[in-house]
Amino acid sequence: MSGAAPYERRLLLRDRGGGVLRKLWRIPWAFVLLLGGIAAIGYVALYSAGGGPEPYATKHALRFGFGLVLMLCLALVDIRAIARLAWAGYALGLGLLVLVLLHGNVGKGAQRWIDIGPLQLQPSELMKIMLALALAAWFRRASREQMGNPLFLLPPALLVLAPVGLILKQPNLGTGLITAMIGGAVFFAAGARLWQFALALGAAGIAAPIAYAHLHDYQKARITTFLDPESDPLGAGYNIIQSKIALGSGGIWGRGFLQGTQGHLNFLPEKQTDFIFTMIAEEFGLVGALATLALLGLAIGFCFLTAFRCRHAFGRLLAVGLGTNLFLYVFVNIAMVTGAIPVGGVPLPLISHGGSAMLTTMLGFGLLLSVHVHREVEFAEAGEG
Amino acid sequence: MSLFPGGRREEAERRRLFTRRAAALGLGQLALLGLLGIRLWRLQAEEGERYRTLAEENRVSARLLPPPRGRVLDRNGLVIAGNRLNWRALLVAEQAQDVGATLDAFSRLLPLQEHERARIERELRRHRRFVPVTVREFLSWEEMARIEVNAPDLPGILVDVGTTRLYPEGEHLAHILGYVAPPAERDMDGDPLLALPGIRVGRAGIERFHEIPLRGRAGAVQLEVNALGRVIRELDRQEGIPGQEVRLTVDAGLQRAVRDRIEAGTSVVVLDARNGEVLAMASQPSFDPSLFEAGVSARQWRDWTRDRATPLINKTTNGLYAPGSTFKMVVALAGLEAKAVTPTERIHCSGHLDLGDTRFHCWRRQGHGSLDLRGALKQSCDVYFYELARRIGIDRIAGMANRFGLGVDLGIDLPGAKRGLVPTRAWRQAQGKAWNPGDTIVHGIGQGFYQITPLQLATMAARLATGRAVQPHLTRSLGGQPAPGGRPEAWPPLGLPERDLKLVREGMWAVVNEAGGTAPAARLPGPFGVLAGKTGSVQVRRVSREQRERGFRAERQPREWRPHALFVAFAPYEAPVYAVSVVVEHGMSGAGAAAPLAREVMVEAFTRLRDLPLPPAPPPGPRVAEAGAGTGAGDRR
């Protein structure tokens, strides 16, 4: 069926038949250690935010432990099985998004979640991963001609627009835009033409003013506050100003563990979730902040490294999608707390307090590890050629 | 697809494209993360100092510490205005599970009125939940014990102590000390201390006059607060400067003794004639200054202001009277200075003096016969002084009156003291009226337009006794620094010939101590030395000729139409120490009502204070000259 040489066939056979132990051997343990290091930073920051192991730090460690098990289990699942389940996953994600619109709980005007037992699940977080999966599955066999054909790109565009529309409807502007950007990154990596992007951006540019008119007042306030945070120092701009004060007062070496006054005297809003990076920067200074940023950057880099080393398009595209997802979390969160972009409830992966975020983050890393472990498998093309 | 021959090439090409694209994505993301790093560098390294300051401002809150208000002592060191601990029950809403239940429980121990409860609930709504709200002030020991014993049933209630002003002498010194009250809008002078809850400012008397030194300077405490304003801990504390202690010239014992002897409408001033120190200053009726502490009720205020006896007004400085015959010494000295009369010249009194077709009567209808100046003072002959006034004119009389402190601002350290009035030609013209020659006659015996305070009369007596322009004052020392003017030399001489003064003093001696004088009732008992004085009786209504012819009897008139009784005196005659003025409203006659009272007051002063030592003479230096010049200037105002 395949034109592979015997040597390669052997190689493939060996890969395909790899037992659990072999797969465990192929898991990049240095990367797992890196994730542990980032989670440890989160533990220290949450210890300070809570003034002790309770109420945040211990839970954070337990959640990371649970997520680690989930991630390692996923790493052992054959990537081809995952690819087969991509559509089901996407459908599940979309279904949950519809469900949350109908029955979800609303907090702080924007975040929508569903209670699943003790867990609060934000379907929009899950959806980002499912979207990357679905797009990777769609594009994995696309030829250059197909990529040039707008009709071929229409279904995946709808795959992106459907969840984005639902998320914007929640309404959650930030997550909606991030989801769209993940989609765009996979399109880009899959080889969509640049003029197609230009066309899409142009369409978005025309739609934006119309959309702005339909934005909720609080969303408009975020945008205006971003343009001039000092205009409303006690209202919407308060968070940004206090966050900048905390960051700045940290200086180069920081004020010391548990010594940050901005955080400990509650001047910092939501210090255990969205503004956790500010805690780190106040208490450990520029050094601590840059170290955290660097570790997260390494994790993103590993996603791309996995993509480059992967022999099948599905894994490559999925890894790029997951890496971009991680990057967007990190970038948006840190840009937000440093006052570079408008505030929008985006947590810092592995560091912010929150079960749902930890779960989806570790799910993403589990998929990434599966790609890494199965980077050399060959997809059967039977029935599809 | 892979079955096509080009499948592998196609696959390789796709992979190259992917690698390019993914590398672009990765590098773009790396660049953006780098930008974040630069932003962090800007915020933390370059602007760190500025933000650190902002963080400090965030967390540090300065609070003022009220200093204790300065005490006021009498001349012997007795506390006459002090501070008392004020035990209060406070409620912290945050610490009470159920505010309503706590207040109910409190009410069962110490009943809370409906309006008290409304106030508490209003304040609770206005403040954050950790701010204590006053439930009840001025708790007694028993009330406090009751709260403490029941503390478990009163979650959120705590007992705490503040200070409140205490006046041990009560209403005896109320007119001198004044009172304190919560500051009003007009009291705000920019001192942040005034914004503190529970702070009081002086509203009258010494409390007001020395408000700034008495108040002291606020201390400050630096507190670490969180974003809600709750205090986390104290960072730094600077104690304030307590208010300065004021020592008065008043003798509390003498003041009390004097006030115990007088009835409503009577004013008595006792001065140290040598230096102007006010030893007692009594005005009846008075008021309880502590009532102002918590704010006077509308009803109490109405009662006070409607009372015709004017309890809130210090009549010694604000009551205005014509001086009557006590003014005759001034006219005598003016006549002598103007050489309009010689000490030996005799003027005949036939019982009246005619000017044009107007007849001015002497108080003694049958006349005094021929009198020299000493005799005219001794017998208080009206005709003699009518004649003298006619000779010298009103303006010379007014000039001499001013030199004796009448109708001028004496610079007393009490706010609002009246200046009074001694009429002049110019004053009358300013009213658009002409000064009639007949007016001069009447003003020669201290009747007419005069408006003189009892304090000015006492000052006149002191100046007559010493020949120096002493000014009355109440402050003996402020914050341990003696006030200027304690030594007689500090006061400039009046510039009158000693011979003239001696003559007038002799007249005053004769009033009391010589047979035929008008005030034998003022004569001091042997051991207390010799008193010299002068009576006065002032009509409050004009007596028409018709009434006079029908046989006018003042004692048959309604009380408020009866004449005021006045007496001024100094003693001992040889070396004067005390100067006294007594004004008894509607007391009928100076000799009958005021002179005996003056005698009692003088005996009291001698008994309590003896010969009253003066402060030691300060070493010679510029300070003395300065003090003398400064106080002399006040007289010319």
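Chains as they are written, first to last, in the numbering used here: chain A, 3 to 387; chain B, 112 to 748. Note that beta-carbon positions come from the ideal geometry of N, C-alpha and C, so glycine has one too.
Element boundaries [alpha helix (DSSP H), containing residue i]
| i | result |
| --- | --- |
| R610 of chain B | 609 to 624 |
| Q411 of chain B | 409 to 417 |
| L499 of chain B | 493 to 503 |
| R710 of chain B | 706 to 720 |
| V373 of chain A | 357 to 375 |
| S354 of chain A | Run containing S354 of chain A: none; DSSP gives neither H nor E here. |
| L78 of chain A | 60 to 78 |
| T164 of chain B | 159 to 170 |
| L521 of chain B | Segment: none, L521 of chain B is in no alpha helix (DSSP H) and carries neither H nor E. |
| P324 of chain B | 322 to 326 |
Three-state class that DSSP yields for residue i in the structure shown
| i | result |
| --- | --- |
| S588 of chain B | strand |
| S247 of chain B | Note on identity: in this sequence residue 247 of chain B is Arg, with Ser being the wrong assignment. It is a strand residue. |
| C460 of chain B | strand |
| K645 of chain B | strand |
| H216 of chain A | coil |
| E696 of chain B | coil |
| V326 of chain A | Here residue 326 of chain A turns out to be Thr, not Val, going by the sequence shown. Looking at T326 of chain A - three-state DSSP - the assignment turns out to be helix. |
| E685 of chain B | coil |
| H472 of chain B | strand |
| T377 of chain B | strand |
| M149 of chain A | helix |
| Y432 of chain B | strand |
| Q562 of chain B | strand |
| M255 of chain B | helix |
| E335 of chain B | strand |
| I556 of chain B | coil |
| D465 of chain B | strand |
| R120 of chain B | helix |
| L223 of chain B | coil |
| I254 of chain A | coil |
Cβ-based burial, residue i [other Cβ within 10 Å; buried from 16]
| i | result |
| --- | --- |
| R120 of chain B | exposed |
| V71 of chain A | exposed |
| C312 of chain A | buried |
| M299 of chain B | exposed |
| C75 of chain A | exposed |
| H105 of chain A | exposed |
| E284 of chain A | buried |
| I208 of chain A | exposed |
| H226 of chain B | exposed |
| L371 of chain A | buried |
| L369 of chain A | buried |
| I556 of chain B | buried |
| I212 of chain A | exposed |
| L171 of chain A | According to the sequence as given, residue 171 of chain A is Lys; it is not Leu. Flag for K171 of chain A reads exposed. |
Delimiting residues of the beta strand (DSSP E) encompassing residue i
| i | result |
| --- | --- |
| D347 of chain B | 342 to 349 |
| M392 of chain B | 389 to 394 |
Own chain residues within Cβ distance below 6 Å of residue i, not counting five before or after
| i | result |
| --- | --- |
| D95 of chain A | Sequence check: residue 95 of chain A is Gly here, not Asp. Taken in chain order, the residues that qualify are L128, M129, M132. |
| F129 of chain B | none |
| V272 of chain B | L196, W198 |
Strand pairing of residue i, partner residues [DSSP]
| i | result |
| --- | --- |
| D271 of chain B | B:R199 |
| H675 of chain B | B:V649 |
| Q122 of chain A | A:D117 |
| G480 of chain B | B:C460 |
| L184 of chain B | B:V190, B:R358 |
| D383 of chain B | B:Y689 |
| V312 of chain B | B:A292 |
Proximal residues to residue i (C-beta, below 8 Å), its chain only, five neighbours per side dropped
| i | result |
| --- | --- |
| F381 of chain A | R82, A85, R142, H314, F316 |
| F398 of chain B | E282, A285, W415, P422, L423 |
Nonlocal neighbours in the same chain, by C-beta distance under 7 Å from residue i, ignoring five residues either side
| i | result |
| --- | --- |
| L444 of chain B | M511, L607, D611, V615 |
| R126 of chain B | none |
| R328 of chain B | P178, G351, I352 |
The ligand ZN heavy atom lying under 8 Å from the CB of residue i
| i | result |
| --- | --- |
| R610 of chain B | By its list of ligands, the structure shown contains no ligand whatsoever, and the ligand ZN lies outside what it can speak to. |
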